[in-house]
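Using full-length UniProt numbering, the letters of the sequence shown correspond one by one to residues 1 to 372.
Just so you know, even glycine gets a beta-carbon here, dropped at the ideal spot from N, CA and C.
Take a look at the structure set out below.
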Amino acid sequence: MDPDYIPQDVARCDLCEIAIVQSYCDFCHINLCKPCIGHHISDEYDKHKIVPFHQRRSTLIYPKCETHPKKSCEFQCKDCNVFLCSHCLASEQHNKEHKLSNLEEVFNKKKDHIKRDKEEINNQLWPAYEDIKTELENRIENLDGNYQKLTTEMAKQREELRREIDYAMNLKEKEIDENKTKHHAILKKQLEEIKQLQSLMLNRLHTLDDLEDSNEVSPTIHYSSKNQEFSKLPPKVRVSMPKFIPKSIEEDELCRLIGKLTPLSTTLEERVFTAKKPNTSVRELLDEPEVLKTIKTGHEKLSSVTCLNEEEIWTMYKVKNDQTEEIIRLVGWRPFNLCVTSSDDLLGLTIPNPSLRTETWISAWLTVKLML
Numbered sequence: 001m002d003p004d005y006i007p008q009d010v011a012r013c014d015l016c017e018i019a020i021v022q023s024y025c026d027f028c029h030i031n032l033c034k035p036c037i038g039h040h041i042s043d044e045y046d047k048h049k050i051v052p053f054h055q056r057r058s059t060l061i062y063p064k065c066e067t068h069p070k071k072s073c074e075f076q077c078k079d080c081n082v083f084l085c086s087h088c089l090a091s092e093q094h095n096k097e098h099k100l101s102n103l104e105e106v107f108n109k110k111k112d113h114i115k116r117d118k119e120e121i122n123n124q125l126w127p128a129y130e131d132i133k134t135e136l137e138n139r140i141e142n143l144d145g146n147y148q149k150l151t152t153e154m155a156k157q158r159e160e161l162r163r164e165i166d167y168a169m170n171l172k173e174k175e176i177d178e179n180k181t182k183h184h185a186i187l188k189k190q191l192e193e194i195k196q197l198q199s200l201m202l203n204r205l206h207t208l209d210d211l212e213d214s215n216e217v218s219p220t221i222h223y224s225s226k227n228q229e230f231s232k233l234p235p236k237v238r239v240s241m242p243k244f245i246p247k248s249i250e251e252d253e254l255c256r257l258i259g260k261l262t263p264l265s266t267t268l269e270e271r272v273f274t275a276k277k278p279n280t281s282v283r284e285l286l287d288e289p290e291v292l293k294t295i296k297t298g299h300e301k302l303s304s305v306t307c308l309n310e311e312e313i314w315t316m317y318k319v320k321n322d323q324t325e326e327i328i329r330l331v332g333w334r335p336f337n338l339c340v341t342s343s344d345d346l347l348g349l350t351i352p353n354p355s356l357r358t359e360t361w362i363s364a365w366l367t368v369k370l371m372l
């Protein structure tokens with residue numbers, strides 16, 4: 001359960017532990033009820049400081065003087081940077097020409113400084129660190145997604161390389177098929193030539209068979225041998241078989257082919273803390289008002305003033321001889337108030353006397369609208 005929503009018990013007396021606290025000892029830091037105050041201060045200690053509970057820790061506890069242990073130091077030497085009590089100031093041990101600081105004043109200034117530092121941490125530094133923490137948490141949360149994108153890009157490159165490799169391999173396979181076709185054609189042509197010569201040779205054998213069996217003189221006498229023509233064998237066609245010579249795959253070359261992955265780099269970019277400007281509603285007020293300029297409005301009691309920007313203001317003004325710009329003239333109505341809207345328009349309220357009816361008038365770019 002949220003601690004802010006857990007019912008809290010009221011503060012009770014530290015002595016009796018029953019009664020509701022009403023007072024506080026600023027030296028002993030003890031909660032006290034009225035009946036227990038007498039018991040608390042009845043000891044021999046003479047430094048008790050009883051204050052109302054809501055004023056607790058308001059009494060300053062000064063440091064003990066090292067020279068005069070029974071005295072408290074209420075001053076500080078600016079030159080020696082040591083605490084001094086009233087006895088130290090009266091003695092001759094301390095240089096009278098040294099400048100002194102009142103510890104209460106120094107304490108209050110430091111308290112103001114501490115308060116400002118605390119407000120700066122709570123209102124500016126802590127939110128700045130929260131923004132940085134949120135940014136880092138978001139970056140860590142998005143880390144898996146960003147690296148998944150990187151892996152996806154790598155997978156796309158892998159598929160692209162596969163397609164390119166398949167395409168290149170298909171080209172080589174096509175080249176092999178073309179070489180096979182050419183090789184087959186060359187061998188087929190020589191085979192046809194050999195078959196043609198064999199056909200001629202068979203015809204010659206048939207002729208020789210007829211002559212050998214013939215008893216005719218004339219054909220036999222006129223025979224002439226043609227074996228010389230067949231003895232010159234046709235040349236042997238040598239066709240070298242294509243060979244595939246795979247190229248050795250070098251890892252570095254393959255990595256360059258795949259692509260380059262930039263290394264993880266770490267740099268420290270300086271963050272500049274810019275203090276947020278306080279809103280005008282929370283800006284510190286001056287201790288003493290500062291008069292920048294006096295404007296004569298002709299009215300004993302100023303009805304209304306509103307800031308248009310850092311250099312211009314609007315106010316109810318009684319027109320006499322000064323140069324003014326008339327926005328609207330209303331008869332029987334009394335201007336009552338002015339303000340500037342978020343769109344930098346002028347918004348005013350006029351009230352008739354005596355009546356409960358009101359009329360709001362708006363001036364925007366010198367255009368006046370009436371709304372009843």
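heavy atom of the ligand COA below 7 Å from residue i C-beta
{"i": "Gln124", "result": "With respect to small molecules bound, the structure shown includes none, and the ligand COA cannot be examined in it."}
Where residue i falls, given that 16 or more other Cβ within 10 Å makes a residue buried
{"i": "Cys36", "result": "buried"}
{"i": "Tyr129", "result": "exposed"}
{"i": "Cys13", "result": "buried"}
{"i": "Val10", "result": "exposed"}
{"i": "Phe273", "result": "exposed"}
{"i": "Glu17", "result": "exposed"}
{"i": "Cys25", "result": "buried"}
{"i": "His184", "result": "exposed"}
Beta carbon of residue i nearer than 8 Å to that of residue j
{"i": "His39", "j": "Leu15", "result": "yes"}
{"i": "Leu103", "j": "Cys65", "result": "no"}
{"i": "His98", "j": "Cys85", "result": "no"}
{"i": "Phe107", "j": "Leu60", "result": "yes"}
{"i": "Ser23", "j": "Pro63", "result": "no"}
{"i": "residue 379", "j": "Lys226", "result": "Any property of residue 379 remains undetermined from this structure, which presents the chain solely from 1 to 372."}
{"i": "Ile194", "j": "Pro234", "result": "yes"}
{"i": "Val239", "j": "Leu191", "result": "no"}
{"i": "Phe75", "j": "Leu100", "result": "yes"}
{"i": "Gly259", "j": "Gln148", "result": "no"}
{"i": "Ile41", "j": "Ile50", "result": "yes"}
Separation of residue j from residue i, as counted between CA atoms
{"i": "Leu370", "j": "Pro289", "result": "Note that Leu370 scores 39 on pLDDT, short of 50, meaning its location in the model is unreliable; the coordinates nonetheless yield the value given after this. For Leu370 and Pro289, the distance between alpha carbons rounds to 37 Å."}
{"i": "Cys88", "j": "His68", "result": "8 Å"}
{"i": "Leu200", "j": "Lys247", "result": "50 Å"}
{"i": "His206", "j": "Lys243", "result": "46 Å"}
{"i": "Pro45", "j": "Phe27", "result": "One detail in the question is off: residue 45 reads as Tyr in this sequence, not Pro. Distance between the alpha carbons of Tyr45 and Phe27 is about 10 Å."}
{"i": "His54", "j": "Thr294", "result": "44 Å"}
{"i": "residue 390", "j": "Asp209", "result": "The requested residue 390 is not part of the displayed model; the chain covers only 1 to 372."}
{"i": "Lys70", "j": "Glu105", "result": "23 Å"}
{"i": "Ala19", "j": "Leu32", "result": "9 Å"}
{"i": "Lys116", "j": "Ala275", "result": "Here residue 116 turns out to be Arg, not Lys, going by the sequence shown. Going by the C-alpha atoms only, they are around 13 Å apart."}
{"i": "Ser224", "j": "Lys236", "result": "28 Å"}
{"i": "Leu268", "j": "Glu164", "result": "42 Å"}
{"i": "Met241", "j": "Ala168", "result": "21 Å"}
{"i": "Arg271", "j": "Ile132", "result": "10 Å"}
{"i": "Arg283", "j": "Ile121", "result": "Residue placement at Arg283 is poorly supported in this model, since its pLDDT is 49, which falls under 50; the coordinates still yield a value, given next. For Arg283 and Ile121, the distance between alpha carbons rounds to 17 Å."}
{"i": "Lys111", "j": "Asn123", "result": "18 Å"}
{"i": "Asn179", "j": "Met154", "result": "37 Å"}
{"i": "Leu171", "j": "Thr152", "result": "29 Å"}
{"i": "Glu253", "j": "Gln196", "result": "55 Å"}
Collapsed DSSP secondary structure at residue i in the structure displayed
{"i": "Val305", "result": "strand"}
{"i": "Trp365", "result": "Residue placement at Trp365 is flagged as unreliable, the pLDDT there being 34, under the threshold of 50; a coordinate-derived value is accordingly withheld."}
{"i": "Tyr223", "result": "coil"}
{"i": "Phe53", "result": "helix"}
{"i": "Lys163", "result": "It should be noted that the sequence gives Arg, not Lys, for residue 163. Arg163 falls in the helix class under three-state DSSP."}
{"i": "Phe273", "result": "coil"}
{"i": "Arg158", "result": "helix"}
{"i": "Ser265", "result": "coil"}
{"i": "Ser218", "result": "helix"}
{"i": "Tyr24", "result": "strand"}
{"i": "Ser101", "result": "strand"}
{"i": "Cys16", "result": "coil"}
{"i": "Phe107", "result": "helix"}
{"i": "Cys33", "result": "coil"}
{"i": "Cys77", "result": "strand"}
{"i": "Ile140", "result": "helix"}
{"i": "Glu125", "result": "The amino acid at residue 125 is misidentified as Glu; the sequence shows Leu. Here Leu125 sits in helix by DSSP."}
{"i": "Ile249", "result": "coil"}
{"i": "Ile313", "result": "strand"}
{"i": "residue 382", "result": "The first residue shown for the chain is 1 and the last is 372, placing residue 382 beyond what the model contains."}
{"i": "Arg116", "result": "helix"}
{"i": "Lys149", "result": "helix"}
{"i": "His39", "result": "helix"}
{"i": "Arg256", "result": "helix"}
Residues that residue i bridges to, as DSSP identifies them
{"i": "Ser72", "result": "Lys64"}
{"i": "Phe83", "result": "Gln76"}
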